[in-house]
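246 is the number that full-length UniProt numbering gives to position 246 of the sequence shown; each next residue is one higher, with no gaps.
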Amino acid sequence: MALLTGMLLHYRKIVQNEFYGYPQEWFPSVSATIGDRYPERSLFQFFIAATSGPRFLLVGLFYLLTKSPTDNLRPKLLLISGILRTLTCGGWTYITSTDNHNWHDIFMILYLLLTIPWTILGIALSSPKSKALKYRKLFAGFFFGSIIPLIFFFIQHKVNQKPGAYTIYAFFEWSLVLFDVAFDSATMFDFNKLQIKFVDIDGVSEKTRYSPSNIDSTEPKISRKNNKYFSFVALLASTLNFFIFWSVLTSLPLLIWYFPLWNMGISGYEAALVSIVSPLLLLIPFFRNFFAFSPQIPQLLTVVGVAAFSTLKPEWRLELVAFGAAFGCISLANQFWGISIKPFAGVHRATAFSLGLILSSIAKYAFYTNNPIWPIMHAENGGWNKTGVLIGVVASIFTNRPQFTQVQQKSIAGPKESAVLSAFGIGGLFFALHTLLSDSSTIITWVWEGYPVRGPQPVPHGAITIAFMCLGVYLGITKCQIAGSWYAFAAGNLGAVVMYSCSGWLGYIGGMILTVYLLAVTPALLESAGRHNPGISFGLGFLFLVVLYLAHVWTVAYAFVPGGFLLRERTDLVLLFQQLFIGLGVYSHSKIKISSHSVGTTSMVLLKSITKQVGTALIILLILTGSVSFKRFHRDAPVPYNTEGHVLTTGIWTVHFGLDNDMWASETRMRDVIEELEIDVIGFLESDTQRAIMGHRDLTQQIADELGYYADFGPGPNKHTWGCCLLSKFPILNSTHHLLPSPVGELAPAIHATLDVFGELVDIVVFHSGQEEDVEDRRLQSLGVADIMGSSDRPMVLLSYLVTKPLEGNYNTYVSNTSGMNDIDPSDWDRWCEYILYKNIKRTGYARVSRSTITDTEIQVGKFLIGDRSPSTNIRVEEENVPEALRFPKMFRGEGVRGHRYHVFDEPRYFE
């Protein structure tokens, strides 16, 4: 009625928007129709008021139809979301954007957000064979499917100011209204079976007839205690508890890494890793029983690891995290101790364990591979630590006590079941989940080959990794017997082999097969371990995990650790032992004679209820993942800083694995100084943090997303280097990854990339030489890089870490006739590590900028003029004789900003 009235009375006014009017725009949006004009606005508000009573009645009756003795939580959530959704509809109806733009938008956003649980729960609680379910799925698909083009055309209108785009947007906006109403109209099929009676219960016969004692139920009975134990609230609380567990566990090796990193060798703080073998304490009956029957205590103490951010001293932070990790492992062990006595209790709890892992991976996906509640995060660099503490404390209160007796516990494991073999399974499983799936980009970096893109990228394909994790969780419930079989184990091994052996999409497919298997087998291995004394199965299990962690680090840190040569570059062996350990756990599981998965009627009802709960949780997680992926993927193409002057500004920076002097994540501070220096192309060295001891982070993602860069991660973590990567404002047409000769010392990575710089092809080489002690390695590497640089006659810039003095030794191999390269400033005598070299391109400026407390190495920056092939000279000129576009920012002169200033020369150098 409002639309019809508006079209008749104020057509041209309601199709007018901030950019265009009729005839470019010819159909009004919902907001324009119901906005400020009389009588359209009044008509709309009148009918909204008239339908509000029936609307509340629909919500209430739908709740009555869906609630049951076995499932009362989801109907209550449906009721709450329906009521709040109706109230927020009133909010944006009666407060227009003209009245108060902020509150109008707030109510509208809340309405749309509440539509998600209303839709999901409405579908989940529909009868499986009803017409209502069919139409709800249909209209829900139309509704959410319309959101994507809606956003697209809104951006076309708002950002690109495209004429006619708002009219198309308006059609999708009206379609959302229709699909929203159509979804709820499906309720008429449910209400066909509803009979409402008003009874005067004062009459004796009627009072007796309708008394609660005469109402019969044919549904299987599940005890109140069971209902509480298997409720959605219990699943949610367990998921959040395990989210805290995974956050603390994954932060422990990362904090340990800080100390050998700054000590350049073993520091002694590595011993903190042993804190996770704390379940060995459960070999003592007193502690085993105390923690088992007071599960809130160890779970609450786990939160100490999240609260560690509040102390500034790195040593204290590590100690608090080790304390939290110790109690987190104790809590986990006790939560699975004897749980298989209760049918499907192990599946329920193990699924929450997996959901907690997925939630932590989603959090890292949203926060550029940093977990926002890690102790390396705080408010200044994007941390949500206080929120994490609050979540941890509240969730720990709802931790359920195990439902078993000590007598039952003693006889739960069969004679052929082995606690030690189960411990191997726990060690292998936890290692695989942590090192491959605690971050959605890890497997992607394993198979990354460079440009042109021939495989998945962290965004948006990280969402696919999370989706396969969700699939594994679902199969772990619905196909639990198959998941724990040898056939599934063989499939997981096949996936591991393909992932290790292949790159690109084929390797990624192998990784996804392994992903599904790992999440599917998780309930079987955890439940199997819980059948034994947790001090043995989990205590030894975490000890085996420590061994795998060390082996995992040894493969790349072989030059700095005792016996490192035994595992040098042997990721294949580590992967083999991981799968072997899991296989031993599967063998122990196969010896269970009596399954805890009863096939009785009540148990099947229970399994169905658990499956629905988990399905709902997985849908919510997938929607959350999709939202994060959409937000991160849809961004503008990178734009160079100086497009008019055709100036290329390059930089090289050894970023020390993204941890600053005070053990905080440094990406935010790195981003700020890179933006202020207006660097178009920068190479990062010591940048591969995709290992357990480094947090599985990608230092390129935040800077690339927020500043607009193309990113090449460089050789992946399975290539055993400390890493080099490339960020470019210009399209990367091709990039090749190299591992330079390293017969003795650490591997030396290099990237050789070709960029389209203002229409001209320019080569960029990013290179990290080996350590000082390995002289022959560095000589061979200098020859290899010289050959790479000499292989191209295009304009070229080398951004490097050379470990040599200017004009001496290997310097004369890098700067030679073979390479054709020139030093950006041969008079700079104060270099040892970082160098910028160039050829066939006009060099105009060079600067060194202090690092502040971000890392241990400065930033070196060079400016080049594209399109000018005239020979460069080493004759310096004063800044006032240099065009403004070729100058470096003045903010870094003198004391500079935030500890960044021009140093060594105290000013940039400019050349003819």
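Note that CB positions come from ideal geometry on N, CA and C, so glycine has one too. A quick note: this is a predicted structure, and the numbers were derived from the prediction, not measured.
Contacting residues, own chain, Cβ-Cβ under 8 Å from residue i (five flanking each side not counted)
| i | result |
| --- | --- |
| L261 | H656, F657, L659 |
Cutoff 6 Å; reference residue i; Cβ partners in own chain excluding five residues on either side
| i | result |
| --- | --- |
| I866 | H646, L648, V757, F758, E760 |
| T804 | N810, Y811 |
| P149 | F172 |
| W448 | F713, G716 |
| W505 | G455 |
| I841 | P795, F864 |
Contact under 8 Å by Cβ, residue i with residue j
| i | j | result |
| --- | --- | --- |
| I276 | A325 | yes |
| H348 | L235 | yes |
| A490 | I482 | no |
| F179 | Y169 | no |
| Q771 | E808 | no |
| N718 | W486 | no |
| V815 | D774 | no |
| R41 | I34 | yes |
| F344 | I592 | no |
| T78 | W118 | First, the residue type needs correcting, since residue 78 is Leu and not Thr in the sequence shown. Yes; because the gap between Cβ atoms is below 8 Å, this pair is in contact. |
| A711 | T700 | yes |
| F684 | D698 | no |
| L121 | S81 | yes |
| S800 | I679 | no |
| F911 | T853 | no |
Distance between residue j and residue i (C-alpha atoms, nearest Å)
| i | j | result |
| --- | --- | --- |
| L624 | L390 | 21 Å |
| L780 | M469 | 43 Å |
| V553 | V574 | 10 Å |
| I513 | A496 | 8 Å |
| D868 | D777 | 37 Å |
| S294 | T399 | 9 Å |
| I362 | V628 | 8 Å |
| L727 | E380 | 24 Å |
| Y508 | M499 | 6 Å |
| A132 | S29 | 30 Å |
| G382 | E884 | 35 Å |
| F245 | G899 | 37 Å |
| L677 | L802 | 23 Å |
| G695 | I444 | 15 Å |
| I619 | G476 | 16 Å |
| R635 | V159 | 12 Å |
| I582 | G626 | 31 Å |
Residues near residue i by beta carbon distance below 7 Å, same chain, minus five either side
| i | result |
| --- | --- |
| I397 | Q296 |
| residue 929 | Look at the range of the chain in this structure, 1 to 912, and you will see that residue 929 is not part of it. |
| A352 | L235, S238, T239, F242 |
| G21 | R12, V15 |
| V321 | V248, S251, L252, L255, G305, A308, P375 |
| A140 | T119, I123, F183 |
| W664 | I376, H378, N381 |
| L584 | L421, F424, G425 |
| F633 | V459, P460 |
| W384 | P372, I373 |
| H589 | G484, A524, L525, S528 |
heavy atom of the ligand GTP below 7 Å from residue i C-beta
| i | result |
| --- | --- |
| P638 | Of the ligands one can find in the structure shown there are none, so the ligand GTP has no counterpart to examine. |
Contact with chain B by residue i, beta-carbon distance below 8 Å
| i | result |
| --- | --- |
| I147 | Considering every chain present, this structure includes no chain B. It has just one protein chain. |
- Query: Can you give, in chain order, each stretch of the alpha helix (DSSP H) that sits fully within the region 572-652 and has at least 4 residues?
  - Reply: 601-633
- Message: At 4 residues or longer, what runs of the alpha helix (DSSP H) sit wholly inside the region 375-457?
- Response: 385-397, 406-410, 419-437, 442-446
- Query: Which runs of the beta strand (DSSP E), 3 residues or longer, sit entirely within the region 743-814?
  - Reply: 748-757, 760-768, 796-801
- Between the region 456-468 and the region 539-551, are three or more C-beta pairs nearer than 8 Å? no
- Tell me the start and end of each unbroken alpha helix (DSSP H) in the region 120-207 that is at least 4 residues and wholly inside, in chain order. 131-158, 165-185, 187-191
- Task: May I ask you to verify whether the region 306-325 touches the region 280-294, counting CB pairs closer than 8 Å and requiring at least 3?
- Result: no
- Message: If contact is defined by three or more beta carbon pairs under 8 Å, each pair taking one atom from either stretch, is the region 845-853 in contact with the region 894-909?
- Response: yes
- Pairing CB atoms from the region 761-768 with CB atoms from the region 787-801, are three or more of them under 8 Å? yes
- Message: With three or more beta-carbon pairs closer than 8 Å as the criterion, would you say the region 364-381 touches the region 684-700?
- Response: yes
- Message: For the pair the region 80-98 and the region 109-123, tell me if three or more CB-CB distances fall below 8 Å.
- Response: yes
- Is the number of C-beta pairs between the region 888-898 and the region 702-722 that are closer than 8 Å three or more? no
- Inter-stretch contact at 8 Å, needing at least 3 Cβ pairs: the region 515-528 / the region 734-741: no
- Item | Sufficient close CB pairs (3 or more, under 8 Å) joining the region 184-193 to the region 132-145 | yes
- Task: Starting from the N-terminal side, write out each stretch of the alpha helix (DSSP H) that is 4 residues or longer and does not extend beyond the region 51-121.
- Result: 73-94
- Let me know the alpha helix (DSSP H) ranges lying completely inside the region 222-265, each 4 residues or longer, listed in chain order. 224-229, 232-263
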